Every structure is written in structure tokens, then in C-alpha cells.
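Contents: one structure, followed by commentary.
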Amino acid sequence: MTFANIVSFHCSFVSINTCLICGTADQKKALFDNVWVGGPKTLQNARQLMADEFGHYVIEKFFEYGTGDQKAQLVDALRGDVLTLSQQICGSHVIGTALKSVDKASQIEIINEILAQVIPLSLHKYGSWVILSVLEHCTHKRLVLEQLHANVPSLVTDQYGSYVIRHVIEHGLPEDRARIVRSLHDNVTSLSLHEYGSWVIRHVLEHCTEQQKRPVLEQLHANVPSLVADQYGNFVIQLVIEHGRPEDRERIVRNLQGDILKTHRKSICNIIEKCLIFGTTEQKNALIDQVCADDGTGKPPLLQMMKQQFANDVVLKMVDGADSAHRDKMMFAIEEHIPALLKRQQSLAKRGGAVADKRKKPNNG
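Now the structure itself:
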């Protein structure tokens, strides 16, 4: 049976891969030669394998374990089809493996075929994988980076483009990180409220220097109320608490008061919880003081928090981390309300029992 016939029976690709990984040099050569017998027709077969659900694994193993000459022949087979393959689920993995496995000259040849389409590929589900491979494995990538820098605003709000920019922030040179941060300065708040943009801002907070991210932090501080109440913005503020300076946490704690502290949504509770984990003793005490103070209704916010699922978890964390004086303060704040709380708890228990009994009652209708 020829190599082409074997591959047509897709279940055999595992055996081919095993031969390429574990076989002798002669066995690998014989297998490779079976692909290339036949001239131009064989090149066409190789391109078909690159886009095949199982065949692309075989081509990738040729790139990984083949000789220099064999890899050069595979690069020849790619010529003229790099862009098309880059936009296919299987072909993109072949291009990525090729960039990781071939020499610099072959890398440049592959990159040159996609230079005119760097941004469309960065926004593409599979093409973005190829761009990431260029950034990760190639030294000749400055022309690609320059195109990314020129299009940061449109990339950071895209599902796949944002991942490309995050990769540059995390693994790129300091000067590349600095340029990206400067490109974000005018849109920090709106990006923090965006599904994909918020991930980019979080990467800035995690991987950039204090000098690089300080302008970003200042814009975040100016918009804490809207950010902590947002499904994406609250994660950005959590990163500020975790990776910012003590004075950053102090400013956020000061903002967690008034109407914000009366809100018991899970996102707000997560912010307070981060403050309790990473904050100083003084900052933790300041939060306890706020929840124990009269909220204008004659009752402390602490009382309402104890009735809410997520906020109650925060209360327990406050109790665990409080010093004896502030623990006593929390107990004093709710002391006169304990009978009402117990009555409410008993009512809920009875209601739950009634529902359970109703479910157990057989249906005789």
C-alpha cells in the first residue's frame, strides 16, 4: 500500500507518526521518499495532506523530525499557499510547526508570504495562531510587529487580535510593551469595560513596569465607581489591588463607600474580598468601619450584607481577618438585630421544609 493510500485511511496516521518519532533514519527516509516520488503531483498531494484532518499531523512530524533537505522540500510545497493554509484549522498548525522547525532563511520565506495580510490574519480565528507563531519562534519579525503597533486600537477589541497584543505585552521587548501602552492611553476606561479590551488592560497591569502602567492606573483610579460595578471592569480593579502599590489599594478602599458599599453584587464583593486579602491592616479596618457605620437607615450595611449570598462570604472573611477590637465592633453593630436575623432564618428554614414536603407528596391525580 502506498503512502497516499495509507493516509486515505485516516486511522493509520498514528502509526506513521510513531515511525517518524521512533523509527530509524532509514525508515524515516523511506517514508519521506514515498511522499516525494512523482514530482509535481506529489507536491499537490503534500498540500492536500497539510489541510487534512489527519494528514496535517504527518506533515508536522516531517517538519519536526525530518532532515534539513526534507524540511526544505516541505517549504517548497508551502510556496504560494502559506496565506491560504494560514486561514485553515489544519493548515495553520502546519505553518506554525514549520516556523518553529525550519531555519531562519525558510522562516523569512514563509513570513514574506503573509506580510501583506498581517492584520487580517491577526483578526482571524486560525490566522492569529500563525501570527503568534511568528512572534514566538522567529527573529525576523520586526515588520510584523510594526504592523501590529500601527493597528493596536482595532486589535485590542477583537477576540483574536486582543490575544496577539497580549502575547506581545507578555513576551515582547520592553520598548514594544511601552509603545502598546502609549497606544492605549486615550481609551483605558472604555477598554476596561470591554470583553476583550479588559484582558489587554489586565495584561498591562501584570507585565508592564510601574513607569509604563502608571498613566493607566491613574485613569482607572478616576473611574473606580463605574469599573467596580461592571462585569469586566471589576476584574481590572481586582488586578490593580493585586499588582498595584499600597497607595493604589488605599485609594480603592477610599472609593468603596457610600452607594458602592451598599451594592451587594458578586462583582463588588470580589473587589472587597481582594482588598481583605492584599490590603494592609489599616485598609482592612477601614472597610470594617464602613460596613459597621449607619448607612442612613438606622442600620449598618453589614446587616444587609449578611443576608446576601456573596456579601455574606465577605463578612466571614472580615471576621477571620479582623483584630479583636474590630471583630467586637462587628458583633456590636449587629447585636440588636440578631433576634430579627434568627427569626428570618427560621422562616426561611420552614419555607424550605414546606417545599420539600410538597415535592415528596405523591401525586394521586
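In numbering that gives the first Met the number 0, the protein residues as written are 0 to 364.
The beta carbon of each residue, even a glycine, is placed where N, CA and C say it ideally should be.
The model shown is predicted, which means the values in this text are computed figures rather than measured ones.
Item to complete: Report yes if the C-beta distance between L286 and I333 is below 8 Å; otherwise report no.
Response: no
Worksheet item: How would you label N111, buried or exposed, when you count the other beta carbons within 10 angstroms and need 16 or more for buried?
Response: exposed
Worksheet item: For the alpha helix (DSSP H) that contains M329, what are its first and last residues?
Response: Looking at the DSSP string, the run of the alpha helix (DSSP H) that includes M329 is 323-334.
Worksheet item: By DSSP, does Q69 sit in helix, in strand, or in coil?
Response: helix
Practice prompt. Any chance you could list the beta strand (DSSP E) runs of at least 3 consecutive residues sitting entirely within the region 199-244, in chain order?
Written response: none
Discussion item. Going by DSSP, what residue range makes up the alpha helix (DSSP H) through P119?
Written reply: 117-121
Fill in: M305: first and last residue of the uninterrupted alpha helix (DSSP H) it sits in
Premise fails: M305 is in no alpha helix (DSSP H) and is neither H nor E.
Practice prompt. Please report how far the alpha carbon of P39 lies from the alpha carbon of R165, in whole angstroms.
Written response: Low confidence applies here, because P39 scores a pLDDT of 49, under 50, leaving its location unreliable and the question unanswered by this model.
Worksheet item: Measuring CA to CA, which of E108, H123, S105 is closest to I88?
Response: By alpha-carbon distance to I88, the top candidate from E108, H123, S105 is H123.
Worksheet item: Is the Cβ-Cβ distance between R248 and I236 less than 8 Å?
Response: Contact flag unset, no.
Discussion item. Suppose you measure from the CA of L275 to the CA of L204; what does that come to, to the nearest Å?
Written reply: 20 Å
Practice prompt. Return helix, strand or coil for Y125, following the three-state DSSP convention.
Written response: coil
Worksheet item: Mind checking H202: buried by the 16 CB within 10 Å criterion, or exposed?
Response: buried
Item to complete: Measure the beta-carbon distance from V180 to C207 and round it to whole angstroms, keeping in mind my assumption that it falls under 8 Å.
Response: 6 Å
Discussion item. Does H184 come out as helix, strand or coil in the three-state DSSP assignment?
Written reply: helix
Practice prompt. Could you round the C-beta distance between S85 and V129 to whole angstroms and report it? I think they count as a contact, below 8 Å.
Written response: 4 Å
Discussion item. Please return the same chain residues whose Cβ sits closer than 8 Å to the Cβ of F365, not counting the five positions on each side in sequence.
Written reply: Residue 365 cannot be examined here, being either before or after the span of the chain that is shown, 0 to 364.
Discussion item. Within 10 Å of its beta-carbon, does V215 have 16 or more other beta-carbons around it, so buried, or fewer, so exposed?
Written reply: Per the 10 Å Cβ criterion, buried.
Practice prompt. Using 10 angstroms around the beta-carbon of E169, count the other beta-carbons present and answer buried if the total reaches 16, otherwise exposed.
Written response: exposed
Worksheet item: How big is the Cα-Cα spacing for I58 and E52?
Response: 11 Å
Worksheet item: Can at least three beta-carbon pairs, one atom from the region 96-110 and one from the region 67-81, be found at a separation below 8 Å?
Response: yes
Item to complete: Since I believe S182 is in contact with L226 (beta carbons under 8 Å), could you give me their beta-carbon distance rounded to a whole number of angstroms?
Response: About 20 Å separates the two Cβ atoms, so there is no contact after all.
Worksheet entry | Extent of the continuous alpha helix (DSSP H) run through G90 | 88-100
Worksheet item: Roughly how far, in whole angstroms, is the beta-carbon of V101 from the beta-carbon of V155, given that I think they are within contact range, below 8 Å?
Response: That belief does not hold up - the Cβ atoms of V101 and V155 are roughly 31 Å apart, past 8 Å.
Worksheet item: Between which two residues does the alpha helix (DSSP H) containing H139 stretch?
Response: H139 -> no alpha helix (DSSP H), and no H or E assigned at all.
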